[in-house]
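Peer 1: I have a structure here, written as structure tokens, and I will follow up with some questions on it.
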Amino acid sequence: MLKFMLVLGVGLAIPVAAQAAPICLQSHEIQDTKVTSDRTIEFRMLDGSVWQNTLINSCPELRFNGFSYVATPPDQICGNLQSIRVIRSGSVCLLGPFTKLKPSRS
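Letter by letter, the sequence shown follows residues 0 to 105 in numbering that gives the first Met the number 0.
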């Protein structure tokens with residue numbers, strides 16, 4: 000992991016962790032999505048992996064009305080950088096970070 004040093008005026012250096020790059024999913028590799036709450040969406044990928052996104056804030060009516068988004072070039076949906084729109088209400092909500100879920104044992 001890369002670290003940077005913050006140098007204070009008195010010559011003291013304090014390590015500061017670099018911010019991680021956002022996780023982006025290739026939209027053409029998304030098989031389907033499942034809204035599990037007004038703040039959580041699961042993205043199921045063609046390779047079988049599942050990525051969960053926890054929105055920055057609760058998104059009213061998301062669970063009942065679904066959502067749409069416009070992929071950012073080149074055909075990606077990125078955590079912490081992108082918004083979605085609730086289909087019926089038109090509410091705009093911001094995606095939070097993506098977390099890869101562990102495969103369920105069947």
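C-beta: ideal position from N, C-alpha, C; glycine also. Please read all numbers here as calculations on a predicted model, not as lab measurements.
Is the beta carbon of Gly-78 less than 9 Å from the beta carbon of Leu-94?
Peer 2: Taking the sequence shown and counting its residues from 1, the one referred to as residue 78 is at position 79. Taking the sequence shown and counting its residues from 1, the one referred to as residue 94 is at position 95. Yes, the Cβ-Cβ distance between Gly-78 and Leu-94 is below 9 Å.
Peer 1: When you compare only the Cα positions, how much space is there between Val-34 and Phe-66?
Peer 2: As a working mapping, residue 34 is identified with position 35 in the sequence shown. As a working mapping, residue 66 is identified with position 67 in the sequence shown. Counting only the Cα atoms, Phe-66 lies some 9 Å from Val-34.
Peer 1: Report the partner residues of Asp-31 according to the DSSP bridge assignment.
Peer 2: Residue numbering aside, residue 31 sits at position 32 when the sequence shown is read from its first letter. Answer by DSSP bridge pairing, in chain order: Arg-43.
Peer 1: For a test of the three-state rule: what should DSSP assign to Arg-84, helix, strand or coil?
Peer 2: Residue mapping note: residue 84 aligns to position 85 of the sequence shown, counting from 1. Of the three classes helix, strand and coil, the one that applies to Arg-84 here is strand, per DSSP.
Peer 1: Hey, out of Phe-63, Leu-45, Gln-75 and Ser-36, whose CA is closest to Ile-22's CA?
Peer 2: Reading the sequence shown from its first residue, position 23 is the one you call residue 22. Among Phe-63, Leu-45, Gln-75 and Ser-36, the Cα nearest to that of Ile-22 belongs to Gln-75.
Peer 1: Give me the Cβ distance between Leu-24 and Phe-42, rounded to the nearest whole Å; I'm assuming they're in contact under 8 Å.
Peer 2: For the purposes of this step, residue 24 is identified with residue 25 of the sequence shown, where counting begins at 1. For the purposes of this step, residue 42 is identified with residue 43 of the sequence shown, where counting begins at 1. So it is a contact: roughly 6 Å between Cβ atoms.
Peer 1: If you reduce the DSSP assignment to three classes, tell me which class Ser-90 lands in.
Peer 2: Taking the first residue of the sequence shown as 1, we reach residue 90 at position 91. Note: Ser-90 maps to coil in three-state DSSP.
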